[in-house]
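First the structure, in the form of structure tokens, and then the observations on it.
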Amino acid sequence: MKDFAPGQRWTYRTRPGEETSTLLVLGRDQNAEGLVAVSLKVEDISLRPPIGGTITELQHAPFAEDALRQSVLELLQENVALPADLGSYETWRLAFETGEVGAFDLSLADTLDLIDRATGQQPPSPQHPLFIKTNLRIIEPGAEEVPNSPIPQGRKGQA
Numbered sequence: 001m002k003d004f005a006p007g008q009r010w011t012y013r014t015r016p017g018e019e020t021s022t023l024l025v026l027g028r029d030q031n032a033e034g035l036v037a038v039s040l041k042v043e044d045i046s047l048r049p050p051i052g053g054t055i056t057e058l059q060h061a062p063f064a065e066d067a068l069r070q071s072v073l074e075l076l077q078e079n080v081a082l083p084a085d086l087g088s089y090e091t092w093r094l095a096f097e098t099g100e101v102g103a104f105d106l107s108l109a110d111t112l113d114l115i116d117r118a119t120g121q122q123p124p125s126p127q128h129p130l131f132i133k134t135n136l137r138i139i140e141p142g143a144e145e146v147p148n149s150p151i152p153q154g155r156k157g158q159a
């Protein structure tokens, strides 16, 4: 099997009803203890948050490389353009390199089930957020948007 690399799109063992879902590799990182994690964007899924609606993609989900190898089926594409906003990946990567955070070690389908069950238990709130977007900015009505400093997009432009 080919090594995981940014810009690869793979099929994987999906949950029932999500057979068209694919994953996009955002990056591959190793921490000081030698754990290799692969960061993904997961598309065409169906998660049901308690506030209603449907979540159809995860912008960033880190997986232990060994767990991901057990999930993927076929490499569909290489050199796919990465999303413009890699802020959550970059925030996670910096914490991963210092051992502050880890990666999912279940299959991708089992992890999606786990997230689906967790979101159904308690609605997200400021005290108990499910996901945190660290570069979120709220602009008051009538105020002009002022660009803030750019978020690093990986090492020398590489995720």
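Residue 1 is where the sequence shown starts when you use full-length UniProt numbering, and the numbers rise one by one after that. Don't be surprised by glycine CBs; every beta carbon is placed ideally from N, CA and C.
Sorted by chain position, which residues of the same chain lie with C-beta nearer than 7 Å to residue i's C-beta, five sequence neighbours on each side aside?
i     : result
GLU78 : GLY7 and GLN8
ALA81 : none
TYR89 : LEU26, GLY27, SER39, HIS60 and ALA159
LEU76 : ARG9, TRP10, THR11 and THR22
ALA67 : PHE104, ASP105, LEU106 and SER107
GLU18 : ASP44, ILE45 and SER46
When you compare only the Cα positions, how much space is there between residue i and residue j?
i           : j      : result
PRO62       : THR22  : 15 Å
ARG93       : GLY52  : 30 Å
ARG69       : LYS2   : 10 Å
ALA95       : VAL101 : 6 Å
LEU35       : ASP113 : 24 Å
PRO16       : VAL42  : 15 Å
residue 160 : THR20  : There is simply no residue 160 to check, as the chain begins at 1 and stops at 159 in what is shown.
SER71       : THR111 : 11 Å
LEU86       : LEU24  : 13 Å
PRO50       : ALA84  : 28 Å
ASP29       : GLU57  : 22 Å
ALA109      : GLY120 : 17 Å
Going by DSSP, which residues form a beta bridge with residue i?
i           : result
PHE104      : PHE63
ALA37       : ASP29 and ALA64
GLU19       : Answer by DSSP bridge pairing: none, since GLU19 is not bridged.
ARG13       : The partner list for ARG13 (beta bridge, DSSP) is empty, contrary to what the question assumes.
GLU97       : None; GLU97 has no bridge partner.
GLN77       : ARG9
ILE51       : Note: ILE51 sits in no beta bridge, so no partner.
residue 164 : No statement about residue 164 is possible, as the shown extent of the chain runs from 1 to 159 and does not include it.
LEU24       : ARG9 and LYS41
LEU114      : Its beta-bridge partners do not exist; DSSP assigns none.
I'd like the list of long-range same chain contacts for residue i, defined as Cβ closer than 8 Å, with 5 residues on each side in sequence excluded.
i      : result
LEU73  : TRP10, THR11, TYR12 and ARG13
ASP116 : LEU47 and ARG48
ALA32  : GLU97, THR98 and GLY99
THR54  : SER46, LEU47 and ARG48
Comparing the CB of residue i with every heavy atom of the ligand ADP, is any distance shorter than 8 Å?
i     : result
GLU33 : In the structure shown, the ligand ADP is absent, as is every other ligand, since no ligand is present at all.
Please report the Cβ distance between residue i and residue j, rounded to the nearest whole angstrom; I am assuming they are in contact, meaning their Cβ atoms lie under 8 Å.
i     : j    : result
ALA37 : ALA5 : With 8 Å as the limit, ALA37 and ALA5 do not qualify as a contact, their Cβ atoms being about 14 Å apart.
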